[in-house]
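Read in order, the letters of the sequence shown correspond to residues 1 to 542 in full-length UniProt numbering.
Positions of the beta carbon are idealized from the N, C-alpha and C atoms, including for glycine.
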Amino acid sequence: MAAAQVSPPPPPPPPPPLYLGFDFSTQQLKVLVIDGNLNVLHQDNVQFDSELSDFRTQGGVHIHSDRLTVTSPVLMWVKALDLLLDKMKRAGFDFSRVRALSGSGQQHGSVYWKRGASETLNQLSPDQDLFQQLQDSFSVSDSPVWMDSSSSQQCLDLQAAVGGALRLAEITGSRAYERFTGNQICKLRQTRPDAYQDTERISLVSSFAASLFLGDYAAIDYSDGSGMNLLDIRTRSWSEVCLKATAPHLDQLLGAPLPSTSVLGPVSSYFVHRYGFSETCRVVAFTGDNPASLAGMRLQQGDIAVSLGTSDTVFLWIQQPRPALEGHVFCNPVDWQAYMALLCFKNGSLTRERIRNECAGGSWEVFSAALRNTPLGNNGNIGFYFDTMEITPPAVGVYRFDGDDNEVSSLSSQVEVRALVEGQFLSRRLHAESLGYSIIPGTRVLATGGASCNTEILQVLSDVFNAPVYTIDLSNSACLGAAYRALHGLVAESGVSFFDVLKTAPEPQLVATPHPTAPQVYDQMLKRYARLEERVLQESRS
Ligand code: ADP
Ligand code: XUL
1 MAAAQVSPPP PPPPPPPLYL GFDFSTQQLK VLVIDGNLNV LHQDNVQFDS ELSDFRTQGG
61 VHIHSDRLTV TSPVLMWVKA LDLLLDKMKR AGFDFSRVRA LSGSGQQHGS VYWKRGASET
121 LNQLSPDQDL FQQLQDSFSV SDSPVWMDSS SSQQCLDLQA AVGGALRLAE ITGSRAYERF
181 TGNQICKLRQ TRPDAYQDTE RISLVSSFAA SLFLGDYAAI DYSDGSGMNL LDIRTRSWSE
241 VCLKATAPHL DQLLGAPLPS TSVLGPVSSY FVHRYGFSET CRVVAFTGDN PASLAGMRLQ
301 QGDIAVSLGT SDTVFLWIQQ PRPALEGHVF CNPVDWQAYM ALLCFKNGSL TRERIRNECA
361 GGSWEVFSAA LRNTPLGNNG NIGFYFDTME ITPPAVGVYR FDGDDNEVSS LSSQVEVRAL
421 VEGQFLSRRL HAESLGYSII PGTRVLATGG ASCNTEILQV LSDVFNAPVY TIDLSNSACL
481 GAAYRALHGL VAESGVSFFD VLKTAPEPQL VATPHPTAPQ VYDQMLKRYA RLEERVLQES
541 RS
């Protein structure tokens, strides 16, 4: 009898696909891996100062002798990528499972590719690392970064050329800022004409990093492009008047900007042969770290993210831009019809720590008890605590007012603690509102950063904003946002929204809801705070 035919067992299903998010930040390069169910499977990083010590950076940068010029070696970033991918390979990471990757970069920094560099990028040999092959590909070896403030003259010139600071803010979303890329490009053209002449392409840190993966020049995305003082944030094209004031024919050096959700193309064959990436792995446009954090937190219209770290940062999703002389409006990284606003406050946790030390014996517990023991509105007492020159508003010093708007020299300890925390949050709300933020039904405040573990502080935040406060435990929101964006990029063109793709992501936890009397107290107090801030600004200037 003939033996029955045994069919071979079916091949095992291919392992589920993965998505990578990179973050080229100031001090380190990070990577985060998620699967299609949004589980975080792996994270790794390369610290610039310690792991690439040959470049002799401190905090990832070189601060020059004028104290204003701040740069980072571009080849350090290239070498960091070699090192990070080698680490992953050694750890047995299966690159063939990666279906898409994206990334973020510190905003505003610029990379100058030398004539001939695109050919080198196109023909990378998998036998050598990127660092060896790109040695001679940059016309400027030290890239200006966001901490640079050496381009004041170029800022004044740009504002004069377009018709003033407010006009520039209306076009580009921000008045002129020294760190913004256009002003850095203008300075380079004026001070180093030879290097500028030898440049064939200018990238942001984000689009430079995407170019490495693509093996070709990657487009600047609308969202990070909004941090240059060059992009018209409404038409989403380079502003003629800004380009002309910055450098002739600059559009040719920048390339056309693209939507942040664009698939730029497949990963270059260099990565296929050297690391085993699949030829079908897609590179989704990279963006700035703040826009990527907005994606990582899954901020939605009406939400506001308040990061309570060394400095306090406020991000918001806005539908209609209302650019002002303070803060920044960027194109939104996940929805091309929307915008995001960003505000940065220098006097955040360090000021809270000082008042904790002076008024609460160094204890967060005593500090929190002071908040519990004092009434909403602090019986009319209001304080401004700018230990160092604040960004928004540009004022310095400590100012205290009683309920009749009389300036007083001191407050009792418990009242001082509440005056500080209420004052900080009134300021965050006031400046967010002047950028277009408004509380709507369903508004959530998403709190993150070191102080977001303090529920009494978050209760004040909830009362001042008259909105529920949620926390998210994310130290790596830019990297996570980049991985989410990689996943979304694959389906964005067919109209699937970012939030549909991310429905199953972990939800933020509700930690505080506003007291019923909060709107009555703080709507009034906000008006008083705005008036007193004007007074403080005048006093601070004199
Ligand atoms: P970074 O900006 O370096 O990322 P973090 O987000 O880690 O900073 O925040 C650090 C800050 O968190 C510290 O400076 C500290 O003041 C603050 N912090 C830590 N614990 C508490 C607490 N229980 N209450 C209020 N603030 C806190
Ligand atoms: C934003 C800014 C910084 C950098 C830091 O305008 O300058 O937050 O993006 O990485």
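Return helix, strand or coil for residue i, following the three-state DSSP convention.
| i | result |
| --- | --- |
| Thr181 | helix |
| Leu376 | coil |
| Gly21 | strand |
| Thr120 | helix |
| Leu250 | helix |
| His273 | helix |
| Leu38 | coil |
| Cys344 | strand |
| Gly265 | strand |
| Cys453 | helix |
| Phe213 | helix |
| Pro144 | strand |
| Gly495 | coil |
| Val417 | helix |
| Lys187 | helix |
| Glu422 | helix |
| Met1 | Model confidence at Met1 stands at a pLDDT of 47, short of 50, so the residue's coordinates are unreliable; what they give is reported in the following sentence. In the structure shown, Met1 sits in coil (DSSP, three-state: anything other than H, G, I, E or B). |
| Asn45 | strand |
| Ala447 | strand |
| Leu231 | strand |
| Leu130 | helix |
| Thr313 | strand |
| Arg115 | coil |
| Tyr339 | strand |
Alpha carbons only, please: which of the options is nearest the one belonging to residue i?
| i | options | result |
| --- | --- | --- |
| Ser413 | Ala370, Cys331, Ser152 | Ala370 |
| residue 577 | Val536, Leu41, Pro9, Gly255 | Because the chain spans 1 through 542 in this model, residue 577 falls outside it and cannot be assessed. |
| Ser477 | Asn347, Arg298, Pro514 | Arg298 |
| Lys503 | Gly397, Asn37, Thr388, Val421 | Asn37 |
| Gly397 | Ser540, Ser203, Asp198 | Ser540 |
| Tyr217 | Leu130, Ser223, Phe208, Asn378 | Phe208 |
| Trp146 | Ala165, Val314, Ile382, Gly109 | Gly109 |
| Leu537 | Glu390, Ala341, Ser462 | Glu390 |
| Leu204 | Thr191, Ile185, Pro193, Arg189 | Ile185 |
| Asp127 | Lys346, Tyr522, Gly450, Phe271 | Phe271 |
| Val46 | Pro321, Leu250, Arg67, Leu83 | Leu83 |
| Ala91 | Leu376, Gln43, Gly103, Asp335 | Gln43 |
| Asp402 | Gly163, Tyr19, Ala447, Met525 | Met525 |
| Ser438 | Ser311, Asn39, Gln301, Tyr385 | Gln301 |
| Gly423 | Pro323, Ala341, Val61, Gly377 | Gly377 |
| Arg429 | Pro506, Asp303, Asp387 | Asp303 |
| Leu510 | Thr26, Gln520, Ala467 | Ala467 |
| Gln30 | Pro514, Leu243, Gly105, Val70 | Looking at the sequence itself, residue 30 is Lys, so the reference to Gln does not match. With distances taken between Cα atoms, Lys30 lies closest to Gly105. |
| Tyr470 | Arg67, Glu507, Gly489 | Glu507 |
| Asp251 | Ser237, Leu264, Val263, Ser262 | Ser237 |
| Trp317 | Glu433, Ser152, Gly227 | Glu433 |
| Ile233 | Ala295, Pro321, Arg274 | Pro321 |
| Thr443 | Ser462, His431, Leu231 | Ser462 |
| Gln58 | Gln27, Asp66, Tyr339 | Gln27 |
Measure how close the beta-carbons of residue i and residue j come, nearest whole angstrom, since I'm counting them as under 8 Å.
| i | j | result |
| --- | --- | --- |
| Leu156 | Leu168 | Rounded, the Cβ-Cβ distance is 11 Å, inconsistent with contact. |
| Ala530 | Gln459 | About 23 Å separates the two Cβ atoms, so there is no contact after all. |
| Leu420 | Thr351 | 7 Å |
Can you list, in chain order, the residues of its chain whose CB lies under 6 Å from that of residue i, leaving out five sequence neighbours each side?
| i | result |
| --- | --- |
| Pro15 | Arg97 |
| Val267 | Phe213, Phe277, Cys281, Val283 |
| Arg535 | none |
| Ile220 | Leu204, Ser207, Pro257 |
| Val521 | Leu376, Gly377 |
| Thr388 | Lys346 |
Report all residues from its chain with a CB closer than 7 Å to the CB of residue i; omit the five preceding and five following residues, and keep chain order.
| i | result |
| --- | --- |
| Met1 | Annotation note: pLDDT 47 at Met1 (below 50); position unreliable, coordinate value reported separately. Taken in chain order, the list of residues that qualify is empty. |
| Ser223 | Ser260, Thr287, Gly288, Pro291, Phe330, Cys331, Asn332, Pro333 |
| Ser211 | Leu121, Ser203, Tyr217, Ala218 |
| Val417 | Ile355, Cys359, Ala360, Phe367, Ala370, Leu371 |
| Arg189 | Tyr196, Ala247 |
For residue i, collect the residues of the same chain with a Cβ closer than 8 Å to its Cβ; drop the 5 residues on either side in sequence, then sort them by chain order.
| i | result |
| --- | --- |
| Ser141 | Pro73, Val74, Leu75 |
| Thr69 | Ile63, Pro144, Asp148, Ser150 |
Quick one: any contact between the segment 283 to 293 and the segment 479 to 498, if contact means 3 or more CB pairs under 8 Å? yes
Quick one: any contact between the segment 178 to 190 and the segment 72 to 91, if contact means 3 or more CB pairs under 8 Å? no
Inter-stretch contact at 8 Å, needing at least 3 Cβ pairs: the segment 254 to 264 / the segment 306 to 314: no
Measuring CB atoms only, is the segment 190 to 199 touching the segment 106 to 126, in the sense that at least three cross pairs come out at less than 8 Å? Between the segment 190 to 199 and the segment 106 to 126, the count of Cβ pairs shorter than 8 Å is three or higher; the stretches touch.
I want to know whether the segment 350 to 369 touches the segment 446 to 462 - three or more CB-CB distances under 8 Å. yes
Check whether the segment 65 to 81 and the segment 123 to 138 are in contact - that is, three or more C-beta pairs closer than 8 Å. yes
Do the segment 313 to 323 and the segment 490 to 498 make contact, defined as three or more Cβ pairs closer than 8 Å? no
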